Amino acid sequence: MRGLIPGHMSQTMKIASWNVNSIKARLDHVKAWLDSQKPDILLLQELKGLDFPYDVFDAMGYRCAAVTQKAYNGVAILSRHEIGLIHEKLPGMDHDEQARYIEADINNVRVIGIYAPNGNPVDSEKFPYKLTWLEHLKNRLAALRADRVPVVIGGDFNIIPDDHDCHDPQVWAGDALFRPESRRLYRAMLNLGYSDAFRVRTQNGGHYTFWDYQGGAWPANKGIRIDHFLLSPCIADRLQSCTIDKEPRGLEKASDHTPIIVTIAAPAKEG
DNA sequence: ATGGCTTTATGCTAAAGA
0 MRGLIPGHMS QTMKIASWNV NSIKARLDHV KAWLDSQKPD ILLLQELKGL DFPYDVFDAM
60 GYRCAAVTQK AYNGVAILSR HEIGLIHEKL PGMDHDEQAR YIEADINNVR VIGIYAPNGN
120 PVDSEKFPYK LTWLEHLKNR LAALRADRVP VVIGGDFNII PDDHDCHDPQ VWAGDALFRP
180 ESRRLYRAML NLGYSDAFRV RTQNGGHYTF WDYQGGAWPA NKGIRIDHFL LSPCIADRLQ
240 SCTIDKEPRG LEKASDHTPI IVTIAAPAKE G
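Residue numbering for the first sequence follows numbering that gives the first Met the number 0, beginning at 0 and increasing consecutively.
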């Protein structure tokens, strides 16, 4: 056999996602986490401001693409590989002013980072906005499937997929994150052929990515699983692991979310 | 629970989050 293709192409890709609840407030946590985990790609959500510290991450060897707005929302991609930006708005919602979507080609994989709308309270305009946004996301994922694009989509979906993905379904009944309409759209995305990477590797419940600041939710482990990675079939075949790193949630001045990490094996050699 | 924290914005309070 000829020599391996040089560089990262021949190696596992480690991709993480983290809702940091303000990149400004969490910059030291993110830097320390990058130093210890050394992901190839990190998707960030809830940047919560116009400014993005491109120079800080550049000095650490990460290229950056960020979609920001004043005070709210905001998503970014950090990558050790070149980032080929494809979209900064969710297709079909091009006039939406909220910074919730970023799509790029990285290392021959289509990488999408999302911060889906919360949707509460459900009797406000925020809930139909959430469902409309998710409907457009489903349409985008359907189009990428039709084109057989290898996709890794990660981020804060703001959806609790199943009863055992929260500490107490009765507490969350009626919440926008748990409403049947939201969960139905999540299932519809899976039914396009995408895999919930964490669920593929871990079938039992009680694994969470978010714990509320209030009410002692973290020490009581009253959490919910709302940050996800979905993988298109060819990528799912290469899935090596999907884990939740709870450690950052226990730090002082922590985000209320903690990172989720997937590792994807190199594509099979041809010939 | 009628949100008990946390963050942003230019602030002495509101809005949003999940």
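Note that beta-carbon positions come from the ideal geometry of N, C-alpha and C, so glycine has one too.
Quick caveat, the model's predicted, so the values are computed rather than measured.
- Under the three-state reduction of DSSP output, Trp32 falls in the helix class.
- By the CB criterion at 7 Å, Leu49 and Cys63 fall outside the cutoff.
- Relative to Asp255, the option among Ala15, Leu238, Ser21 and Val74 whose CA is nearest is Ser21.
- Distances from the alpha-carbon of Val121 to those of Ala145, Arg178, Asn138 and Tyr212 put Arg178 closest.
- A straight line joining the alpha-carbon of Arg248 with that of Lys30 spans about 15 Å.
- Taking 7 Å as the cut-off, the beta carbon of Gln44 is found no closer than this to the beta carbon of Asp195.
- In the structure shown, Thr262 falls within a strand segment according to DSSP collapsed to helix, strand and coil.
- For Gly153, the closest C-alpha among the options Asn138, Phe197 and Thr131 is that of Phe197.
- Under the three-pair Cβ rule at 8 Å, the stretch 157 to 164 counts as touching the stretch 201 to 218.
- Going by beta carbons, Val150 and Leu143 fall inside the 7 Å limit.
- For Ala75, the enclosing beta strand (DSSP E) covers residues Val74 to Ser78.
- Between Phe126 and Ala175, the C-beta gap is smaller than 7 Å, which places the two residues in contact.
- Going by beta carbons, Ile85 and Ala103 fall inside the 7 Å limit.
- With a cutoff of 7 Å on beta-carbon distance, Ala65 and Pro38 are scored as not near each other.
- Here the alpha carbon of Lys252 sits roughly 11 Å from the alpha carbon of Leu26.
- Going by C-alpha positions, Val170 is about 43 Å away from Gly60.
- Ranked by Cα distance from Ser240, the options Glu246, Ile259 and Ala58 are led by Ile259.
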